[in-house]
Amino acid sequence: RTARGASNCLLVFGLALVAALALVVRNVFGFVFVAVVAALCLVVALKASREIAQLVLVFLAVQLALAVFSRGDYLFTQTAQTAQGPMPSDVGQMAQALWLPFWFWGLLCGGISIAVLGYGLKAFWGR
821 RTARGASNCL
831 LVFGLALVAA
841 LALVVRNVFG
851 FVFVAVVAAL
861 CLVVALKASR
871 EIAQLVLVFL
881 AVQLALAVFS
891 RGDYLFTQTA
901 QTAQGPMPSD
911 VGQMAQALWL
921 PFWFWGLLCG
931 GISIAVLGYG
941 LKAFWGR
């Protein structure tokens, strides 16, 4: 909600990406991409003005929220085609573990993304 909070959030996000880089990323493209995004987040958090940090954080938040809808059909797919063949999708996995149908979990994930995006925009613009 504040410019200072945005700088702190970018710092934490950048450090989390560095941790992900060390623990999870396994291919060259992923390594380069995550390293660049982590470096940008850390540079903005530590060197840019707090207002710039706030704008960068809002941009990242909108991108992450909209990424859910770039493949919105995947939220309502029970199986996904992987290198190992057909496997349960993310919502298919949730349905198996939590007993409700996959489309319920797709609606819930999409709804949470819309709610978080709306709350973030209201907090940013509605000061």
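For the record, in the sequence shown the residue sitting at position 71 is 891 according to the numbering used here, with numbers rising by one throughout. Beta carbons: idealized from backbone N, C-alpha and C, even for Gly. On a predicted model such as this, the values are computed, not experimentally measured, just so you know.
Reference residue i; option with closest CA among the options
i           : options               : result
residue 830 : 929, 877, 842 and 849 : 877
residue 859 : 936, 937, 835 and 919 : 835
residue 925 : 857, 893, 852 and 903 : 893
residue 857 : 879, 824 and 888      : 879
residue 950 : 861, 914, 882 and 916 : This structure cannot speak to residue 950, because the chain is shown only from 821 to 947.
residue 824 : 868, 849 and 848      : 868
Under the three-state DSSP convention, the category residue i falls into
i           : result
residue 901 : strand
residue 824 : helix
residue 946 : coil
residue 845 : coil
Beta-carbon separation (whole angstroms), residue i vs residue j, contact threshold 8 angstroms
i           : j           : result
residue 907 : residue 899 : 7 angstroms
residue 911 : residue 895 : 6 angstroms
residue 854 : residue 837 : 6 angstroms
residue 851 : residue 841 : 7 angstroms
residue 826 : residue 874 : 4 angstroms
Spatial distance of residue i from residue j (CA atoms)
i           : j           : result
residue 864 : residue 890 : 27 angstroms
residue 919 : residue 846 : 33 angstroms
residue 930 : residue 901 : 21 angstroms
residue 944 : residue 927 : 26 angstroms
residue 870 : residue 941 : 18 angstroms
residue 822 : residue 903 : 44 angstroms
residue 886 : residue 862 : 23 angstroms
residue 915 : residue 843 : 28 angstroms
residue 917 : residue 909 : 12 angstroms
residue 923 : residue 946 : 33 angstroms
residue 872 : residue 905 : 44 angstroms
residue 939 : residue 921 : 27 angstroms
My parser needs the beta strand (DSSP E) runs of 3 or more residues fully inside the segment 858-943; what are they? 899-902 and 905-908
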